[in-house]
Each structure stands twice: as C-alpha cells, then as structure tokens.
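Numbering (full-length UniProt numbering), first residue to last: 1 to 257.
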C-alpha cells in the first residue's frame, strides 16, 4: 500500500442545484450519480448537525461539513483529519494563513475559500455583539470577540478599540502586524487616530502566538508610553489585553495599569 497522502480534486459548484442538493447536482452531472456511501454519510452528518448542533459533533465532522461544498464528489474525511493533524483544531484550521493551507496536500482554492468564509462569518458575528455597545456591560462578549479574531494568528497583531464618552465601542481597527514575537507600535500614531475618531478612551489588544499571554518588558513599556501620550490629550487608556491561545491577560486586572 502506498504511503502517499490521498489526492483530493475540487470541482466548481453549480449556481443552482435540483432540490437544493449540491452533491447530487455536481456528482450526477459528472459521474452519473454521487456514490451512495458518500451521499449517505453526508446526509447523516447533516441530519446530526441539524438535530444536535455543532456541540454534538467532533472537530473533524464539523470540518467535513465545511468541506462538502468545496469537494462535492469525494470522501472529505481524510482531508479533514489531515488538516486537523496539521493545525491542531477546528479554530486553527479556519484561521490558518492561506499560504499554509495551500501547502496541505489536497487543499486548493475552493477549500481555502470555504474555510475563509467560515472564519469571516465567525468574526463578523462576534464583532456585531460588541460594536456600538457599552464595553462595561458587554465585557465578556468583547473578550470572546478578541479571542475569535486573534487567538489563533501565527504572527502578532495589534488592535485598538476606540470608545466614546459613554464607553461605547465606536471603532475597532488593526494598527499593525508583526512577527511571531514582535509587532511595531507607535504611540503618536495611536493618539493621532484617537483624535481623528473623537474617541475619549482606548483599549489596546494584541495577541501572543506562543499562547502565553504574560506581558514582556517591551509590552509594559509600550503600554506606559501610550497611556502617557493619551493622558496629555485627555484620553483614557482603560486596559491592554494580551490574547493567548486559551486565556487572556488584562493589564488593569493584573496591576500593570
């Protein structure tokens, strides 16, 4: 038996499918009929998802559901398991960089597109729960959003959350991206942007790809510089969150601010 990994081919999806069955439409058009063992397996997974939701499914089955549309005529379980073996879990798969996804055998444009649609939808849903809402009354949702957007990134990202006088979140912007352990941040640019948005307060957020949210000396020094620059213009720095893979660290709660 060959040790080579299986090769997965992708086919474009039809614009319309009879009775809403994309698998049947594509498989039937190209091969006469979707193999019954694949069709039955997909039907079972979809039924289980509709009856029990995502909580009733392990990561590889949830990933299979996503891959069904990208690879409509083949068994996608091997690819789902390969992706999980490569990246670790469902969240890391959908948030993996495009170049790394494309390096996985069997992943082409259609698979990348489906994964990135899921990632974008998850981030948009999480963001909708916090934008234009008072931060103090939606703090848990805010932290969840930061984890969704940043916890699984492989390089550091620095974001700023801008708040108005009532502590309502009015803007969320990525300011910079860096390497696996460093991101350049310029206090003058942070304060300048706050003035442009007429913001009264800030929350800084960045991630640690290592997974450990403990602040470095550079993190602490940079936070102090931004706090001092903001205070001279009457802008309050409420907190600085460092997002790790499993948990976050609050500068305010930890006594750094």
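By construction, the Cβ of each residue, glycine as well, lies at the ideal position given by its N, Cα and C atoms.
Quick one: using the 10 Å Cβ neighbour count with 16 as the cut-off for buried, is residue i buried or exposed?
i: residue 227; result: buried
i: residue 100; result: exposed
i: residue 219; result: buried
i: residue 255; result: exposed
i: residue 95; result: buried
i: residue 252; result: exposed
i: residue 30; result: Residue confidence is low: residue 30 scores 44 on pLDDT, short of 50, so the model does not pin down where it sits. No coordinate-derived value is stated.
i: residue 72; result: buried
i: residue 199; result: buried
i: residue 221; result: exposed
i: residue 106; result: buried
i: residue 120; result: exposed
i: residue 159; result: buried
i: residue 136; result: exposed
To the nearest angstrom, report how far apart residue i and residue j are at their CA atoms.
i: residue 215; j: residue 194; result: 24 Å
i: residue 97; j: residue 132; result: 29 Å
i: residue 175; j: residue 188; result: 12 Å
i: residue 205; j: residue 236; result: 15 Å
i: residue 156; j: residue 49; result: 34 Å
i: residue 212; j: residue 167; result: 29 Å
i: residue 208; j: residue 223; result: 15 Å
i: residue 44; j: residue 79; result: 19 Å
i: residue 154; j: residue 163; result: 28 Å
i: residue 110; j: residue 104; result: 13 Å
i: residue 142; j: residue 117; result: 22 Å
i: residue 74; j: residue 39; result: 10 Å
i: residue 173; j: residue 81; result: 34 Å
Looking only at its chain, what residues have a beta carbon closer than 8 Å to the beta carbon of residue i, apart from the 5 residues adjacent to it on each side?
i: residue 54; result: 62
i: residue 114; result: 66, 67, 69 and 70
i: residue 191; result: 226, 229, 230, 233 and 235
i: residue 56; result: 48 and 49
In chain order, what residues of the same chain lie with their CB nearer than 7 Å to the CB of residue i, ignoring the 5 residues before and after it?
i: residue 145; result: 126, 127, 129 and 130
i: residue 102; result: 112
i: residue 93; result: 63, 83, 84, 87 and 115
i: residue 90; result: 59, 62 and 63
i: residue 247; result: 213
Sorted by chain position, which residues of the same chain lie with C-beta nearer than 6 Å to residue i's C-beta, five sequence neighbours on each side aside?
i: residue 238; result: 201 and 203
i: residue 249; result: 213 and 242
i: residue 257; result: 251
Which two residues bound the contiguous alpha helix (DSSP H) that contains residue i?
i: residue 113; result: 109 to 128
i: residue 254; result: 251 to 254
i: residue 243; result: Here residue 243 belongs to no alpha helix (DSSP H); instead the beta strand (DSSP E) covers 236 to 243.
i: residue 150; result: 139 to 150
i: residue 257; result: That residue, residue 257, is in no alpha helix (DSSP H); it is neither H nor E in DSSP.
i: residue 43; result: 36 to 52
i: residue 56; result: First-last for residue 56: undefined, no H or E at that position.
i: residue 91; result: 90 to 94
Note the first and the last residue of the continuous beta strand (DSSP E) segment covering residue i.
i: residue 225; result: Segment 217 to 231 is the alpha helix (DSSP H) holding residue 225; no beta strand (DSSP E) there.
i: residue 159; result: 157 to 163
i: residue 201; result: 201 to 207
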